[in-house]
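Novice: The structure is given below, and queries will be raised subsequently.
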Amino acid sequence: FIMVNIWMDRRKNFKESYAFELSRLFSYPFTVFFNRLGFVSPNFITFLTLIFSIVASILLFNGYFLIAGLIYWFSWVFDLVDGEIARLRIIKSEIKVYTKFGMWFDGIIDRIRELIILFSVSIVLYLQNPSVLVLVISILAIVGGLFWRHSALYMKSIFSIEESKQKDMKMFGFDVALQNLIITVLIMANQLYTLLLVFAILFNLAWIKNLILWSIKYKNE
């Protein structure tokens, strides 16, 4: 019942994207399970997300696209679980369980996890079709991914931007949940070229939009 209350509270106070709401349908059962175990720490679950992404990459190299996509999806699901476990324990014990190391560890593992899968997709696609076009699209996707996440995190750290947590958040925005959903679906469908092309465009449009809009909004601060 505690998890049901948390879920209802989040839906009431935080307007998350549809991709996030879909993801939490998968994450909450694992959160309940690990919470009942009691001894599993959020940092250990964060480490599991890295293991999942490595396993997904190995499967990708061996041509098991459907399973690779599914495993990668659960690397994202477990990325949600670690935060949900931490919040649940705060509510139950009223003791702060977030640590600076935990937040840093979660953030750095997220970036590594994303880079591992994008590098793996790029290499597999290049082995299938060695061409300059594939190299260019791969580089744009990877660099765009780095710039997109860095621009969002950098601006938030400076200006304390909390748009992603506000109730009036746009329902059809490009966020990390949608990013992971697209990666999962396209890997499972063996559409690696489409995956890189989509992210080469979306990632770079996202960070350019961040740069322009936030520069205008905060130019005098």
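Reading the sequence shown from the start, the letters are residues 4 to 224 in this note's numbering.
We put the CB at the ideal spot given by N, CA and C, even for glycine.
If distances are taken between C-alpha atoms only, which option among Ala71, Leu130, Pro133 and Arg114 comes closest to Gly148?
Specialist: The candidate whose alpha carbon is nearest that of Gly148 is Arg114.
Novice: Assuming Leu128 and Val137 are in contact, meaning their beta carbons sit under 8 Å apart, how far apart are those beta carbons, in whole angstroms?
Specialist: Going by Cβ atoms, the distance from Leu128 to Val137 rounds to 6 Å, so yes, they are a contact pair.
Novice: Give me the Cβ distance between Phe55 and Tyr75, rounded to the nearest whole Å; I'm assuming they're in contact under 8 Å.
Specialist: Indeed they touch by this definition, with Cβ atoms about 7 Å apart.
Novice: When you compare the CB positions of Ala192 and Phe68, do they come within less than 9 Å of one another, or not?
Specialist: A contact, by the Cβ cut-off of 9 Å.
Novice: Over what stretch of residues does the alpha helix (DSSP H) that includes Asn46 continue unbroken?
Specialist: Start and end: Pro45 to Phe64.
Novice: Leaving out the 5 sequence neighbours to the left and right, which residues in its chain are closer than 8 Å to Phe150 when beta-carbon positions are compared?
Specialist: Closer than 8 Å at the Cβ level, and outside the excluded window around Phe150, lie Phe206, Asn207 and Trp210.
Novice: Under 6 Å Cβ to Cβ from Ala22, same chain only, skipping five residues before and after it: list those, please.
Specialist: The answer, listed in chain order, is Ala180, Leu181 and Leu184.
Novice: Tell me whether Ala192 sits in a helix, a strand or coil according to DSSP, three-state version.
Specialist: Three-state result, Ala192: coil.
Novice: Quick one: grab the DSSP three-state call for Tyr31.
Specialist: Tyr31 falls in the helix class under three-state DSSP.
Novice: Under the three-state reduction of DSSP, which class applies to Phe23: helix, strand or coil?
Specialist: Helix.
Novice: Given Asp85, which residues of its chain have a CB within under 6 Å of its CB, disregarding the five upstream and five downstream residues?
Specialist: Cβ neighbours of Asp85 beyond the five flanking positions: Pro45, Ile48 and Thr49.
Novice: Can you tell me where the alpha helix (DSSP H) holding Gly41 begins and where it ends?
Specialist: Unbroken run through Gly41: none, as it is neither H nor E.
Novice: Give the single residue among Ile88, Ser123, Arg116 and Asp82 whose Cα lies nearest to the Cα of Gly41.
Specialist: The shortest C-alpha separation from Gly41 is found at Ile88.
Novice: Going by CA-CA distance only, name the one from Val139, Asn132 and Ala59 that's closest to Arg116.
Specialist: Ranking Val139, Asn132 and Ala59 by Cα distance to Arg116 puts Ala59 first.
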